[in-house]
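Here the structure is laid out as structure tokens; the discussion comes afterwards.
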Amino acid sequence: MMAAMNSPDASVDVHELLDRVRRLAADGPATIAAAATVDELRRLDGEFLGKTSVMSQAKAAMRFVAPEDRKSVGGLLNEVRTALEAAIGQRQSAFDSDARRERLAAEALDLSEVMDAAPTGHRHLISQTREMLEDAFVGLGFTVAEGPEIETDWYNFEALNMPEGHPARSMWDTLYLEAGEPESVLLRTHTSPVQIRTMLREEPPIYVVAPGRAYRSDTADATHLPVFSQIEGLVIDRGITFADLAGTIETFVKLLYGSERTTRLRPSFFPFTEPSAEFDMSTPSGEWVELGGCGMVHPNVLRAGGLDPEEWSGFAFGFGLERMAMQRHGLDDIRELITNDVRFLAQF
Ligand code: FA5
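Structure follows, in structure tokens:
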């Protein structure tokens, strides 16, 4: 295409220079594409296009090219330069995107380790205690019943042999709800209303436990919470005696706490049981701790539950789950169970 004129400057061999430009045009892009590092690319950039490069020398030698050939020689030089620059640009952007990918990979939060190490959580101690008790009683042939936390006065008091104005109602500091007749709807003060609900729903023989929350306007202290959990037990069958009650309590305490523990019953009073007792459990230090109340189901309660006291007899018990958990784990303040301090809860 072009013919360089003979150079008047013997030191510049334009032909040879253009040959080198052509060789560069042929090999340069592949060499650039093969540059392994940014530094190598920079070096090639200098070598191919820098001040002392063949391309710069060729450009400087344009003055030795015959004027009629300058256009084509100039075109060639432009073409080659453009091709080399494009190759360098391409390689550079490949390096840039590699670097970006690496940086993103380095900055990415690898949560897999954290996830592996993160605790998955577990049931709250009160839930664990409830489930353990349910399992123990199911193992003794009981079923698990439930009742509502919002109750009527009838289920919570009246059907349990505490008619309106009965002084025993003051045993429980009741939280009433503003619904219906004044003082007719309340937060149940114990799980005993489930006794009535179960008798009205099921035919005897009845062997149920009913765990659940109870509410009292008690001020929280080391052994009391205004919202706490109880588990109620009710057995109705023919010929049930106080000895069955004592035996059942002894059995589940040994099941839950170990065979070295024993129980005792102390006379007490509940309007819905007659006779009534409070039951205590022995501790390793030889003391007794109160777990709950119990007794033989009062005839009036059987009647409220639609049963004939001449035909059926039974016993009932109710005790506090938090107190039970405290005993099992040696806790001295019931409030720790509800403050939701993970450091405390994680221990169980
Ligand atoms: C009752 O609630 C009777 N319903 C128990 C019962 C059932 C007797 C069936 C006879 C037949 P009492 O108020 O004593 O009884 O409560 C029983 C247990 O609940 C207590 O022994 C205690 O373990 C727990 N408890 C009572 N009040 C609280 C409270 N404020 N905080 C935590 N636990 C409590």
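Letter by letter, the sequence shown follows residues 5 to 352 of this note's numbering.
Backbone N, C-alpha and C fix where the C-beta goes; we use that ideal spot for every residue, glycine too.
Values in this document were obtained by computation on a predicted structure and should not be read as measured data.
Exposure of Q351, with buried meaning 16 or more beta-carbon neighbours within 10 Å
exposed
Rounded to the nearest angstrom, how far is the Cβ of V25 from that of L81, given a contact under 8 Å?
7 Å
Does DSSP put W176 in a helix, in a strand, or in coil?
coil
Short Cβ contact (8 Å threshold) for R201 with G151:
yes
Identified DSSP bridge partners for R270
E282
Close-in-space but distant-in-sequence residues of the same chain around K63 (CB under 8 Å, 5 per side omitted)
L81
D337: buried (16+ other C-beta within 10 angstroms of its C-beta) or exposed?
exposed
Evaluate contact between the region 233 to 253 and the region 170 to 186, counting only Cβ atoms and requiring at least three cross-stretch pairs below 8 Å.
no
Contacting residues, own chain, Cβ-Cβ under 7 Å from N165 (five flanking each side not counted)
P275, F276, H302, N304, V305
So, for L190: in the same chain, excluding its five sequence neighbours on each side, which residues have a beta-carbon less than 7 Å away from its beta-carbon?
E155, D157, N160, T178, L179, Y180, L181
Pop quiz: E329 and T124 are said to be a contact at Cβ under 8 Å. What is the actual Cβ separation, rounded to whole angstroms?
It is worth fixing the name first, because residue 329 is Ala in this sequence and not Glu. About 22 Å; that fails the 8 Å criterion.
Within 7 Å: the Cβ of E294 and any heavy atom of the ligand FA5?
yes
With distances taken Cα to Cα, identify the nearest neighbour of G251 among F283, A226, S289.
F283
With hydrogens ignored, establish whether the beta-carbon of G216 is closer than 7 Å to any heavy atom of the ligand FA5.
no
Would you tell me roughly how many angstroms separate the C-alpha atoms of A103 and V58, rounded to the nearest one?
31 Å
Output the distance between the C-alpha atoms of E162 and E168, rounded to the nearest integer angstrom.
7 Å
Run the proximity test for F323: is its beta-carbon closer than 7 Å to any non-hydrogen atom belonging to the ligand FA5?
yes
Does the ligand FA5 have a heavy atom nearer than 7 Å to the CB of F276?
yes
CA-to-CA distance, V346 to I92, given in whole angstroms
59 Å
What does DSSP give as the partner residues of Q234 in its beta bridges?
G216, G324
Using C-beta distances below 6 Å, list every residue in its chain close to S317, excluding the 5 sequence neighbours before and after it, in chain order.
I244
Tell me whether I342 counts as near the ligand FA5, meaning its Cβ is closer than 7 Å to at least one heavy atom of that ligand.
no
Of the listed residues D139, L144, S116, A37, nearest to A98 (C-alpha basis):
A37
Contact set for G395: own chain, Cβ-Cβ below 7 Å, skip 5 residues either direction:
Residue 395 lies beyond the residue range present for the chain, which begins at 5 and ends at 352; the question has no answer from this structure.
As a quick exercise: from H194, L229, T227, K258, pick the residue whose alpha carbon is nearest that of A214.
H194
Roughly how many whole angstroms lie between the Cα atoms of A90 and P71?
28 Å
Alpha carbon to alpha carbon, how far is G299 from L229? Give it in angstroms, no decimals.
24 Å
With distance defined between alpha-carbon atoms, name the residue in T266, E236, A29 nearest to F141.
E236
Can Q132 be considered in contact with the ligand FA5, in the sense that its beta carbon sits closer than 7 Å to one or more heavy atoms?
no
Starting from the C-beta of R332, find all residues in its chain whose C-beta is less than 8 Å away, skip the five residues before and the five after it, and write them out in chain order.
T133, L260, Y261
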